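Structure first, then comments.
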Amino acid sequence: MLTLTTHTLEKLEILLKTAGYKVRYEKGNFKTGACMLLNSKIIVVNRFSNLESKILSLAELIRELEIDHNLLDDKQITFLQQLKQTKLQL
278 MLTLTTHTLE KLEILLKTAG YKVRYEKGNF KTGACMLLNS KIIVVNRFSN
328 LESKILSLAE LIRELEIDHN LLDDKQITFL QQLKQTKLQL
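Here it is, written out as structure tokens:
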């Protein structure tokens with residue numbers, strides 16, 4: 278289970294950056310907390326969302342992405358596997 282802390286948010290951001298994605302915090306009126314721009318490697322997070330919404334939105338996007346494990350270190354691979362398994366438990 279994910280803890281809803283700024284540390285978890287930072288871990289998600291670092292995982293995405295290591296995988297080649299750029300995370301941007303912008304204001305917007307989109308309903309969800311985050312979105313990926315037209316299959317590019319830019320993820321936009323609604324900066325006005327609360328911490329829980331930011332974490333859950335990024336985690337859901339990461340679960341859907343095909344991330345190359347060769348780009349990640351061992352801790353990041355373990356974290357990614359935990360994220361993927363969390364979806365199965367929901």
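Quick note on numbering: the sequence shown equals residues 278 to 367 in the working numbering.
Glycine included, C-beta positions come from ideal geometry on N, C-alpha and C.
Note that the structure is a prediction, hence the values are computed from the model and not measured.
- Between the beta-carbon of Ile320 and that of Thr285 there is about 16 Å, and that puts the pair past the 8 Å contact cut.
- For Arg301, the enclosing beta strand (DSSP E) stretches over residues Lys299 to Glu303.
- A distance below 6 Å between beta-carbons, with the five flanking residues on each side excluded, links Cys312 to the following residues of its chain, in chain order: Val321.
- Here the alpha carbons of Lys361 and Asp345 stand approximately 14 Å from one another.
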